[in-house]
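Residue numbers (the numbering used here), protein chains in the order written: chain E, 2 to 114; chain A, 33 to 146. Ideal Cβ placement from N, Cα and C applies to all residues, glycine included. Since the model is a prediction, treat every value here as computed from it, not as a measurement.
So, in structure tokens, the structure goes:
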């Protein structure tokens, strides 16, 4: 399993772009990079996933350099409602595998007015 | 039912009692998971099931057991609860196992063991 490292916490202000970087030096060839968001008192929910280069959806963008040893989740023009914990995970497409995804502690993002 | 549900929402339990947390999904997902979440420790996997009839141990399986008799249900049992099992428990499911597959989470069960 590829271990991920991300900042424990970050603060930003409404209207700013927020970038959260995750390191995954031991990422394997078949691994995808996935980000989840968790609001207080709720379960995590999927935000975005990518394999290489850039992925964008209605919520965020995910930037992955060529070596794939890190990735950056970009949240454009954040609002107070983006205050949450963000988890970076890596894992592959293999089915019926015993090595499971590790969520870790995530990054606690606090948006200030 | 739409998605994944858990019951009860919360429970206060005396130490030594037996407790089963229920989880049901209606998405016909093959894989299901149980996590616990404690302040400062993030989400930790307790047990998982890749498909009906099979289960496996996660990071913190001690004191917990699971069964997967059918596709939809994945109950988590604490045979003799201890205070260190006070936590928020999340059940999740995905179409298949493997990190590529999006996991869908239930609303959680807040368990307090006294």
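query: From A:97, A:40, A:46, residue whose alpha carbon lies closest to that of residue 114 of chain A; result: A:46
query: Helix, strand or coil at residue 81 of chain E according to DSSP, with G and I counted as helix; result: helix
query: Pick from E:15, E:30, E:39 that is closest to residue 89 of chain E, judged by C-alpha positions; result: E:39
query: Nearest candidate by alpha-carbon position, reference residue 93 of chain A, set A:49, A:111, A:44; result: A:111
query: Within chain E, partners of residue 124 of chain A - CB distance below 9 Å; result: 44, 45
query: Neighbouring residues, chain E, relative to residue 139 of chain A (Cβ below 8 Å); result: 43, 44
query: Interface partners of residue 74 of chain A on chain E, CB under 7 Å; result: 104, 105, 106, 107
query: Alpha-carbon to alpha-carbon, residue 34 of chain E and residue 121 of chain A; result: 24 Å
query: Residue 84 of chain E and residue 112 of chain E closer than 8 Å at C-beta; result: yes
query: Rounded separation between residue 143 of chain A and residue 68 of chain E - CA only; result: 43 Å
query: Inside the segment 51-118 of chain A only - beta strand (DSSP E) runs reaching at least 3 residues; result: 51-57, 63-70, 74-81, 96-98, 108-110
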